[in-house]
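Worksheet: one structure, shown below.
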Amino acid sequence: MVVVSYRSRELADHCTRLELAQDWLGPTEAQALVDMIADLEACRDAGEFMDLRGSRAVDESSIRVDFSPKHFAILRLAIDSVPRTQSGSPIWSKVRRLMLTDVEAIRR
23 MVVVSYRSRE LADHCTRLEL AQDWLGPTEA QALVDMIADL EACRDAGEFM
73 DLRGSRAVDE SSIRVDFSPK HFAILRLAID SVPRTQSGSP IWSKVRRLML
123 TDVEAIRR
């Protein structure tokens, strides 16, 4: 199970309380965010989540997840001491703690 933390208490409230998420993003987007977080928490590790959601690493410490056609989330390593490849990238299948740091609109 992946443990999810949040950049701030306010972000945690907006991501985990459906009524706040609906006020913030709208009902469809809010449900997509809640579903994405549930998927993340249900996965064994970040690698499994990335495969499930088709998400990708954007640098050596974060993942971008397009959870709806309009929004994406950024998940960062919650701790720095994770197993890494020789090139320095995290071995995502060994990562079990992520911090949700941002939810942003997709710019087209």
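When you line the sequence shown up against our numbering, it's residues 23 to 130, in that order.
For each residue, glycine too, the CB sits at the ideal point set by N, CA and C.
Inset, instruction - Look up residue 64 in the DSSP assignment and say whether it is helix, strand or coil. - result: Within the sequence shown, numbered from 1, the residue matching residue 64 stands at position 42. Correct three-state label for residue 64: helix.
Inset, instruction - Taking 8 angstroms as the threshold, find out whether the segment 72-80 comes into contact with the segment 23-43 through three or more Cβ pairs. - result: Below 8 angstroms, too few C-beta pairs join the segment 72-80 and the segment 23-43 to call them touching: fewer than three.
Legend entry - Spatial distance of residue 84 from residue 46 (CA atoms): The residue given as residue 84 occupies position 62 in the sequence shown. The residue given as residue 46 occupies position 24 in the sequence shown. If you take the alpha carbons of residue 84 and residue 46, they lie about 24 angstroms apart.
Inset, instruction - Taking 9 angstroms as the cut-off, decide whether the C-beta atoms of residue 97 and residue 25 are in contact. - result: On the sequence shown, position 75 is the one that residue 97 refers to. On the sequence shown, position 3 is the one that residue 25 refers to. For residue 97 and residue 25, no; Cβs fall outside 9 angstroms.
Inset, instruction - Just mark residue 64 as buried or exposed, buried being the case when its beta carbon has 16 or more other beta carbons within 10 Å. - result: As a first step, residue 64 must be located in the sequence shown, where it is residue number 42. Counting Cβ neighbours within 10 Å, residue 64 comes out exposed, since fewer than 16 surround it.
Legend entry - Three-state secondary structure (DSSP) of residue 124: Sequence index remark: in the sequence shown, residue 124 carries index 102 (1-based). Strand at residue 124.
Legend entry - Sheet register partners of residue 105 (DSSP bridge): The residue you call residue 105 lines up with position 83 of the sequence shown. Answer is none; residue 105 lacks a bridge partner.
Inset, instruction - State the start and end residues of the unbroken beta strand (DSSP E) segment that holds residue 31. - result: In the sequence shown, residue 31 corresponds to position 9, counting from 1. It is not in any beta strand (DSSP E) - residue 31 instead sits in the alpha helix (DSSP H) that spans 31-38.
Legend entry - Segment limits, beta strand (DSSP E) that includes residue 100: Here residue 100 is taken as the residue at index 78 of the sequence shown, counted from 1. Element bounds for residue 100: n/a, residue is neither H nor E.
Inset, instruction - Could you say which of 104, 103, 110 and 35 lies nearest to residue 55 if we only look at CA atoms? - result: The residue given as residue 55 occupies position 33 in the sequence shown. Residue 35 is the option with its Cα nearest to residue 55.
Inset, instruction - Determine, using beta carbons only, whether residue 56 comes closer than 9 angstroms to chain B. - result: The structure shown has no chain B; it contains just one protein chain.
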